[in-house]
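S.K.:
In the numbering used here, the protein residues as written are 147 to 461.
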């Protein structure tokens, strides 16, 4: 059956979509399959390992590691929404995804990626309090507040995802069912719609602005205060220690937001560039986050060594 054979006048007639994926020569499919599989295994190992280390070491029972554990959980799940299907599609002839599967993929990905943005803002605020008000840190960052901030991040992700998904799937898909992407995302789905997408684009842009701008403002303002405070520290050792606690977080923020901005600034006429940007935050960021935090963090390294020693003794 051809790609346009299921053209319908309404989205309800579409029972499945085709994920076109990457337009590369067939002989490269095996290589890409191996790369995707390896990256996904690293994501699983890194993020499950990070959560295990945080849960098993009492010394890491602090707000910073509570947020980091949630970040690993989010990274693990949103990459799992996309990576397995994208990897299998290198072998698959049909590359189909059911209508329900497409809705679920978009909903879960939107939920977790927005939650990650809010979590990174929460982590920036946590570092701001730790460095700028160290004496009040344990009072200000209470267990109750930390739980509320994380729950709020998931809530914002959920509301945003419901709006984004319901808006996208009220469009009519009658031109084609071939999505020029490796997962179900709003922009490639808009491209195959025969509805007037102008209002949809405006609402989507407004929604993205409401999410991205406040989180970015919190991160930037927090770091302006942090830099200002750190520069007042007289000892170079003190300055180095303060900056080292923030450098990991800044690295993660730079990768995620850099990829998001690159994707949004890429015109619709260059879908391949959009796919590369999407790769950065669907696979590269979740793979690098545990590495960045474990390699840059002395406490995590010590806790990891302790956990590995314990496992070796058991074996």
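The beta-carbon is built from N, C-alpha and C at its ideal position, and this holds for glycine as well.
Because the structure is a prediction, the values reported are computed rather than measured.
Classify residue 293: buried if its beta carbon has 16 or more other beta carbons within 10 angstroms, exposed otherwise.
M.R.: Answer is exposed; the Cβ neighbour count stays below 16.
S.K.: Look at the Cβ atom of residue 376, then the Cβ atom of residue 385, and state whether they are nearer than 8 Å.
M.R.: It is a contact, given that the beta carbons lie within the stated cut-off.
S.K.: Note down, one range per segment and in chain order, each alpha helix (DSSP H) of at least 4 residues found wholly within the segment 160–234.
M.R.: Runs of the alpha helix (DSSP H) inside the segment 160–234: 175–202 and 209–234.
S.K.: In chain order, what residues of the same chain have a beta carbon less than 6 Å from the beta carbon of residue 196, not counting five sequence neighbours either side?
M.R.: Correct list, in chain order: 218 and 436.
S.K.: Considering only the beta carbon of each residue, do residue 183 and residue 224 sit closer than 8 Å?
M.R.: Cβ atoms of residue 183 and residue 224: not closer than 8 Å.
S.K.: Classify residue 204: buried if its beta carbon has 16 or more other beta carbons within 10 angstroms, exposed otherwise.
M.R.: By the 10 Å Cβ count, residue 204 comes out exposed.
S.K.: Let me make sure I understand the geometry here. Which of 271, 325, 338 and 256 has the alpha-carbon closest to that of residue 310?
M.R.: It is 256 whose Cα lies nearest to the Cα of residue 310.
S.K.: Taking DSSP as the reference, what is the three-state secondary structure of residue 462?
M.R.: Residue 462 lies beyond the stretch modelled for the chain, which goes from 147 to 461, so this question has no answer here.
S.K.: Based on the DSSP output, what are the partners of residue 243 in its beta bridges?
M.R.: Beta-bridge pairing links residue 243 to 163.
S.K.: Residues in the same chain with beta-carbon distance under 6 Å from residue 440, minus the five sequence neighbours each way, listed in chain order, please.
M.R.: Only 446 meet the Cβ criterion.
S.K.: Can you give the beta carbon distance from residue 438 to residue 394, rounded, assuming they're within the 8 Å contact cut?
M.R.: Yes, residue 438 and residue 394 are in contact; Cβ-Cβ is about 5 Å, under 8 Å.
S.K.: What number of angstroms, rounded off, separates the C-alpha of residue 318 from the C-alpha of residue 339?
M.R.: Approximately 6 Å, taken between the alpha carbons.
S.K.: Touching or not, the segment 350–358 and the segment 297–315, by the rule of three or more beta carbon pairs under 8 Å?
M.R.: Because the criterion of three Cβ pairs below 8 Å is met, the segment 350–358 and the segment 297–315 touch.
S.K.: Give the secondary structure of residue 325 by DSSP, where H, G and I count as helix, E and B as strand, and everything else as coil.
M.R.: Strand.
S.K.: Would you mind sorting residue 326 into buried or exposed? The rule is 16 or more other CB atoms within 10 Å of its CB.
M.R.: Looking at its Cβ environment, which holds 16 or more other Cβ atoms inside 10 Å, residue 326 is buried.
S.K.: Whose C-alpha, out of 432, 209, 389 and 235, is nearest the C-alpha of residue 178?
M.R.: Nearest option by C-alpha distance: 235.
S.K.: Sorted by chain position, which residues of the same chain lie with C-beta nearer than 8 Å to residue 238's C-beta, five sequence neighbours on each side aside?
M.R.: Correct list: empty, nothing qualifies.
S.K.: Go through its chain and collect everything with a Cβ distance to residue 269's Cβ below 6 Å, but skip five positions before and after it.
M.R.: Around residue 269: 213 and 395.
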